[in-house]
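Colleague: Just dropping this structure here.
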Amino acid sequence: MNIIMNTISKFAAGAALLALAVGCCHCRAYQKKNRRPLVGTEWQLVQLGGVSYAPETERFTLLFGEENHLSGIGACNRISGSYTAGEKNALSIGPLAATRMACPGMEREMEFFEAVESTTRYDMDGEMLLLLDGDTLKAVFQAAPQAE
1 MNIIMNTISK FAAGAALLAL AVGCCHCRAY QKKNRRPLVG TEWQLVQLGG VSYAPETERF
61 TLLFGEENHL SGIGACNRIS GSYTAGEKNA LSIGPLAATR MACPGMEREM EFFEAVESTT
121 RYDMDGEMLL LLDGDTLKAV FQAAPQAE
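Residues in the sequence shown are numbered consecutively from 1, following this note's numbering.
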């Protein structure tokens, strides 16, 4: 029963976020003004599997680079691979290669890698990047602050 309630609450939270983003004219103007490009922005993990996290410098990050190259960091392991962005926000990532160091947070790191590799599309909401597998929200990232 807890699994069903947990799934329903995750779905409801995602639906509420989507309704807010779609239904607010001021929000759309804000999103357009503050949207960061997918490529060249360092993205910091803020939600994974329905659990929120504070963004961490040099941990749980992604960087979509030129020529379809992806790099990032998990709990302590660096990742690299390729990605393909297509029409209608289609996004395919992987396969990923990673270093193999042991460190605290390995369970979250494995979940992070799995979420990234299972991505089929993305959406953007202002400075937020949402990775989805079909209609399932896998992870949410926030654009890292820009150096001045």
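Even for Gly, the Cβ is constructed at its ideal location relative to N, Cα and C.
1. What do you get for GLY72, buried or exposed, if any count of 16 or more other CB atoms within 10 angstroms of its CB means buried?
2. Since TYR83 sits in a beta bridge, which residues does DSSP pair it with?
3. Between TRP43 and the rest of its own chain, which residues show a CB-CB distance below 6 Å, the 5 nearest in sequence each way excluded?
4. Taking all protein chains shown into account, decide if HIS26 is buried (16 or more other Cβ within 10 angstroms of its Cβ) or exposed.
5. Could you pull the start and end residues of the alpha helix (DSSP H) that MET106 belongs to?
6. Starting from THR136, follow its DSSP beta bridges and name the residues at the other end.
7. Pull up the distance between the alpha-carbon of ALA139 and that of THR41, whole angstroms please.
8. Considering only the alpha carbon of each residue, which of LEU132, GLU58, PRO95 lies closest to ARG121?
9. On the DSSP letters alone, give me the boundaries of the beta strand (DSSP E) that ARG36 sits inside.
10. Any heavy atom of the ligand NAP closer than 6 Å to the Cβ of PHE112?
11. State the beta-bridge partners of PHE64 as determined by DSSP.
12. Report buried or exposed for THR119, applying the criterion of at least 16 other Cβ atoms within 10 angstroms of its Cβ.
13. Would you kindly report the start and end of the unbroken beta strand (DSSP E) that includes TYR122?
14. What distance in whole Å lies between the Cβ atoms of ALA98 and ASN77, which are believed to be in contact at a cut-off of 8 Å?
15. Given a threshold of 16 other Cβ atoms within 10 Å of its Cβ, counted over all protein chains shown, does MET101 qualify as buried or as exposed?
Modeller: Here's the rundown:
1. Classification of GLY72: buried, given that the 10 Å Cβ count is 16 or more.
2. ILE93
3. LEU62, LEU129, PHE141
4. Note that HIS26 scores a pLDDT of 47, beneath 50, so its modelled location is shaky; the value from the coordinates is reported in the next line. Under this definition HIS26 is an exposed residue.
5. Here the alpha helix (DSSP H) through MET106 covers 106 to 117.
6. ASP133
7. 16 Å
8. LEU132
9. It is not in any beta strand (DSSP E) - ARG36 carries neither H nor E in the DSSP assignment.
10. For the structure depicted, the ligand NAP is absent and the ligand set is empty, with no information on it obtainable.
11. Note: PHE64 sits in a beta bridge opposite VAL39, LEU70.
12. By the 10 Å Cβ count, THR119 comes out buried.
13. 121 to 125
14. 5 Å
15. Burial is judged here by how many other beta carbons sit within 10 angstroms of a residue's own beta carbon; MET101 has fewer than 16 and is exposed.
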